[in-house]
Amino acid sequence: MYGCRDPEADARLVLERVVEADRVLVVHAVSRASLEEMAAAAAEAARGRIGGGECFAVRTTRRGSHGYTSVDVNVVVGDAVRRATGACVNLGSPDKVVAVEIIQDLALISIYPGSMEWRKMRGKHPVLPLLSRVAVVQMPYLGPLDACRNMGVRIGREVQNFEVRELVVAPTGLVEARQLAEFLQGVFEGVESRFEVQRKSYHRRARRVPVYLQDLHQLVRDRRGEPIIVMEPEGEHISRVADRLWELFRGSRRVNVLVGSREGIPLGVYRYADLVVDIAPGITLSTDYAAASALVAIATVLYERSSQLEEGGGGG
């Protein structure tokens with residue numbers, strides 16, 4: 012906001028009354044959109060607004076064609092503000108933010124508290140390291156060919172979304188080969204489509220989830236000694252087994268999470284499971300959402316458990 016009698020009060024009024032306003036900035040300085048003039052204007056505006064014991068970051072938005080990049084502006088303006096205030100730079104969690112809005116030949120400069128910024132990871136830690144231990148063991152959806160393909164696509168996208176350790180498609184007994192083939196093709200399509208989105212949009216290197224095929228009973232036999240968790244309505248609610256779940260993940264490189272399909276996990280497998288878990292009592296989850304729902308529930312419980320341990324200073 013620029014040119015108001017009391018811009019701070021007007022900004023608060025807009026925030027209170029205009030739902031459509033995502034962000035309202037009070038303009039503290041205006042200059043021509045040259046690097047030298049923006050740096051000088053920002054340094055002057057920062058004096059008295061950013062203390063020497065604080066840290067700051069510069070955020071630049073450009074509209075129009077210019078002979079420099081937004082990174083160039085961040086560097087030049089940041090150096091000028093640092094020299095003018097004695098403050099240090101902290102791009103991740105700054106006390107103050109110097110916003111430079113460049114519109115053609117005009118630059119508007121605003122300084123606001125870093126607490127105004129919404130950041131995805133503020134005060135949180137990622138769950139990916141825990142989920143990267145999960146082997147999702149999914150019974151295939153078999154039936155009409157188009158349904159097999161669609162279910163496969165959805166499941167493939169979901170497991171790739173969480174970047175689990177691996178997906179094992181695990182039929183039992185004799186299955187119709189064409190139906191299984193359609194399901195597998197859908198899985199590959201879903202994994203690849205989601206992976207391409209991650210590869211282009213993430214600031215880190217995405218990992219493509221490998222897909223395997225093995226008979227369910229043989230897999231359980233081969234992986235005895237590893238944690239096996241069956242996701243079925245007959246089990247305990249996940250909140251009641253949080254401590255046991257944490258222990259299984261904490262002490263294991265791979266945790267096998269078994270998910271049924273139109274038919275549930277065979278009852279005989281329950282004997283070999285470390286846990287049989289229900290995540291939504293009274294609700295039958297559709298096949299395409301079952302694995303994703305299980306992963307969200309597991310991640311939530313593990314996150315809460317690890318946060319409690321951190322707050323209490325405990326090690327487990």
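Residue numbers for the sequence shown, in the numbering used here: 12 to 327.
Cβ coordinates follow ideal geometry from the N, Cα and C atoms, glycine included.
- Classify arginine 235 as helix, strand or coil using the three-state DSSP reduction. strand
- Message: Quick check on valine 96: buried or exposed, where buried means 16 or more other Cβ atoms within 10 Å of its Cβ?
- Response: Correcting the residue identity first, residue 96 is threonine in this sequence and not valine. Buried.
- Message: Does the structure place the segment 195–212 close enough to the segment 238–258 that three or more beta carbon pairs sit under 8 Å?
- Response: no
- Item | Terminal residues of the alpha helix (DSSP H) in which asparagine 172 lies | 156–173
- Any idea what DSSP makes of leucine 195, helix, strand or coil? helix
- Task: Give the C-beta separation of valine 266 and valine 145 to the nearest angstrom, bearing in mind that I take them to be a contact with Cβ-Cβ under 8 Å.
- Result: 6 Å
- Are the segment 278–292 and the segment 152–163 touching, with three or more C-beta to C-beta distances below 8 Å? no
- Residues sharing a beta bridge with leucine 185, DSSP: In DSSP, leucine 185 forms no bridge with anything.
- Query: Out of curiosity, what's the CA-to-CA distance linking leucine 166 and glycine 201?
  - Reply: The residue asked about is misnamed: residue 166 is isoleucine in this sequence, not leucine. Near 7 Å, if we compare the C-alpha coordinates of glycine 201 and isoleucine 166.
- Check the C-beta distance from glycine 275 over to glutamate 247 and give it rounded, since I have them as a contact under 8 Å. Between glutamate 247 and glycine 275 the Cβ distance is about 16 Å, and since that is not below 8 Å, they are no contact.
- Task: Work out the CA separation of glutamate 47 and glycine 327 for me, nearest whole Å.
- Result: Only weak support exists for where glycine 327 lies, its pLDDT of 47 falling under 50; the coordinates are left without a value.
- Query: Apart from the five residues just before and just after threonine 71, which ones in its own chain have a Cβ nearer than 6 Å to its Cβ?
  - Reply: Ser81, Val84, Asn85, Val111
- Query: Taking C-alpha atoms, which residue in Arg251, Arg74, His228, Ile240 lies nearest to leucine 259?
  - Reply: Ile240
- Task: Hey, could you find the ends of the alpha helix (DSSP H) leucine 142 is sitting in?
- Result: 139–142
- Task: Kindly indicate which residue of Glu55, Glu174, Ser42 has the alpha-carbon position closest to the one of tyrosine 213.
- Result: Glu174
- Query: When burial is assigned at 16 or more other CB atoms within 10 Å of the CB, is isoleucine 120 buried or exposed?
  - Reply: buried
- Query: DSSP three-state call for arginine 23: helix, strand or coil?
  - Reply: helix
- Three-way DSSP call (helix, strand, coil) for glycine 327 in this model: Unreliable positioning characterises glycine 327 in this predicted model, as indicated by a pLDDT of 47, which lies under 50. A coordinate reading is not provided.
- Does the Cβ of phenylalanine 67 have 16 or more other Cβ atoms within 10 Å, making it buried, or fewer, making it exposed? buried
- Query: Per DSSP, what kind of secondary structure is histidine 214 in: helix, strand or coil?
  - Reply: coil
- Does DSSP put arginine 28 in a helix, a strand or coil? helix
- Message: Starting from valine 82, trace the alpha helix (DSSP H) in both directions and tell me its first and last residue.
- Response: 81–96
- Message: Less than 9 Å between the C-beta atoms of valine 41 and proline 18, yes or no?
- Response: no
- alanine 98 versus valine 92 - alpha carbon distance: 8 Å
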